[in-house]
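Taking it in order: structure first as structure tokens, then the write-up.
Protein chains: 2
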Amino acid sequence: MFPEFETYLKEQESLSNDDIDMMRVKSIEKTLRRKEILVHQGEVCRYKIFVTKGLLRSYTTREDGSEHIMHFSPENTWFTDPESFANAAPSNYTIEALENSEVILWTKNDLRYLVNSIPGLKAYFDALIYKAGTTLRHRIHSAISSTTEEKYEEFIKKHADIYARVPLHMIASYLGVTRETLSRIRRAYTIGK
Amino acid sequence: MFPEFETYLKEQESLSNDDIDMMRVKSIEKTLRRKEILVHQGEVCRYKIFVTKGLLRSYTTREDGSEHIMHFSPENTWFTDPESFANAAPSNYTIEALENSEVILWTKNDLRYLVNSIPGLKAYFDALIYKAGTTLRHRIHSAISSTTEEKYEEFIKKHADIYARVPLHMIASYLGVTRETLSRIRRAYTIGK
DNA sequence: CGATTCTTTGAAAACAGTCAATCTGTGTGG
DNA sequence: CCACACAGATTGACTGTTTTCAAAGAATCG
Chain H
-19 MFPEFETYLK EQESLSNDDI DMMRVKSIEK TLRRKEILVH QGEVCRYKIF VTKGLLRSYT
41 TREDGSEHIM HFSPENTWFT DPESFANAAP SNYTIEALEN SEVILWTKND LRYLVNSIPG
101 LKAYFDALIY KAGTTLRHRI HSAISSTTEE KYEEFIKKHA DIYARVPLHM IASYLGVTRE
161 TLSRIRRAYT IGK
Chain X
-19 MFPEFETYLK EQESLSNDDI DMMRVKSIEK TLRRKEILVH QGEVCRYKIF VTKGLLRSYT
41 TREDGSEHIM HFSPENTWFT DPESFANAAP SNYTIEALEN SEVILWTKND LRYLVNSIPG
101 LKAYFDALIY KAGTTLRHRI HSAISSTTEE KYEEFIKKHA DIYARVPLHM IASYLGVTRE
161 TLSRIRRAYT IGK
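Here the protein sequences come in this chain order: H and X. Position one of the first sequence corresponds to residue -19 (the numbering used here), numbered consecutively onward. Position one of the second sequence corresponds to residue -19 (the numbering used here), numbered consecutively onward.
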């Protein structure tokens, strides 16, 4: 579990073996079974998460039971509920494994310690936050300006990996339409080519 | 123009007079008339912008002429096109003054210099980026989970100041619906209370 | 295999977009 | 001061899209 993380991180940021060791000491390895929930809505998301294997999602549940998926996080991505994690506030989201997964967790305190101790780690996370911002802005622009078909097409192009691993109704939830609508759009789209 | 900025910034972050002076030296003051454009779509957005007075917006224009508003920036807010500014890439957005406005500009190089020279400034911008991320995530969640009426209601509550200063069709554009739809929703909403 | 889970389809209703016309308020030039 | 142009808002009729509800079919997991 940690070796995969180490391999990945060394590709991203040049870190010494001592740096990596510090991160290992503070890390918590966890195996999740499919459908297992890591954070329940209402709980505090106490961890910053790195996914080494599998796939997680975060979603909200409304009073009427409807779910809305905020994010998918496959292997080799970082994940958390930033608002809950940063402020130790109850999360609005449920974080769930969609496949049998392996994750590494760090608490806020430990992560702060690591960021202060390891040169370059702050800059690495800053760059991730910047990229996340770009993605968020893009998704907003798509939400206000694209047709459902365009959103569907874009999702396939940008997230081909996730598309292949996730039921269609979850993509519908992520895009903000019903499963029936997306099913019909996909049919038209598939025929239309 | 700069005095307003100085007043505001000192409320936000404790900075010495020397720090402020450094920022002043690098700053470019600019007055914008209503409808004046600061950055045209396709140009590089070379500046980080602080609005001391007035109101700016950023929007895209599609081939068919339709506009989609990404952001409103009233007085005492920071503004830029992050993608264009960071990468010196052509901007997808037009940045325009909606009122006669006063802005202060810094180039990327000067800003980098200032961030490296002034203790606390990096942390200040980091906090702004974090808050912006929260706002973006909230807007996405609203886009995929709320009805148009809920979005309208939320906009009024969160951006009462902007609501009062901007034509309805721009709010429609920001929310991702047509002006006619928003006009009808507003009528129903106003009567419904 | 049986039980879920997921996807598709149909029909009706709700919702949003389009097009065209009208109404309103504002401000400018004569 | 008035008339006019202009930007913005509203309304109606119509069209197109999406949701809702219900049911059935397909795929997958244990």
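Note that the Cβ used here is the ideal one computed from N, Cα and C, for glycine as well. Given the structure is predicted, the values throughout are model-derived calculations rather than measurements.
So is residue i in contact with chain X if we call contact Cβ pairs under 7 Å?
i	result
H48(H)	yes
E133(H)	no
What would DSSP say about residue i, mapped onto helix, strand or coil?
i	result
I0(X)	helix
I171(X)	helix
V151(X)	Rather than Val, the amino acid found at residue 151(X) in this sequence is Ile. Note: I151(X) maps to helix in three-state DSSP.
A112(H)	helix
A140(H)	helix
R37(X)	strand
H20(X)	coil
E79(X)	coil
K6(X)	helix
I29(H)	strand
I98(H)	coil
S71(X)	coil
L85(H)	strand
T60(X)	coil
E133(H)	helix
S122(X)	helix
E160(H)	helix
T12(X)	The sequence given here places Leu at residue 12(X); Thr does not occur at that position. Strand.
E47(X)	strand
So residue i and residue j are in contact, right, with Cβ under 8 Å, and what is the actual spacing, rounded?
i	j	result
V157(X)	T128(X)	5 Å
L36(X)	L78(X)	7 Å
V24(X)	S64(X)	6 Å
E76(X)	I17(X)	5 Å
H121(H)	T40(X)	7 Å
G113(X)	P62(H)	6 Å
Tell me which same chain residues have a C-beta within less than 7 Å of the C-beta of residue i, skipping the five on either side of it?
i	result
Q174(H)	Outside the displayed span of chain H (-19 to 173) sits residue 174(H), for which this structure offers no information.
I165(H)	T128, E129, Y132
K102(H)	V95
R4(X)	F(-18)
T87(H)	R26, Y27
F135(H)	Y143, I151, L155
Once you ignore the five residues that flank residue i on each side, which residues in its own chain have a CB closer than 8 Å to its CB?
i	result
A168(X)	E129
L162(X)	T128, Y132, L148, H149, I151, A152, L155
T60(H)	C25, Y27, K28, I29
S(-6)(X)	G100
T57(X)	F30, V31
T74(X)	I17, V19, H20, Q21, S38, Y39, T40, T41
Using a Cβ-Cβ distance under 7 Å, would residue i count as near chain H?
i	result
G34(X)	no
Using a Cβ-Cβ cutoff of less than 6 Å, which residues in the same chain neighbour residue i once the five nearest sequence positions on both sides are dropped?
i	result
F52(X)	R37, I142
R13(H)	N80
* Between the stretch 112 to 124 of chain X and chain H, which residues of the former have a C-beta closer than 8 Å to a C-beta of the latter? -> A112, G113, T114, L116, R117, R119, I120, H121, A123, I124
* **Where the stretch 55 to 69 of chain X meets chain H: residues whose CB sits under 8 Å from a CB there** => P62, E63, A66
* **the stretch 8 to 41 of chain H: positions lying closer than 8 Å to chain X by Cβ** => T40
* Name, going along the chain, the residues of the stretch 154 to 165 of chain H whose beta-carbon falls closer than 9 Å to a beta-carbon of chain X. => Answer set for the stretch 154 to 165 of chain H: Y154, L155, G156, V157.
* Interface positions of the stretch 84 to 109 of chain H facing chain X (Cβ-Cβ less than 8 Å), listed along the chain -> D106, I109
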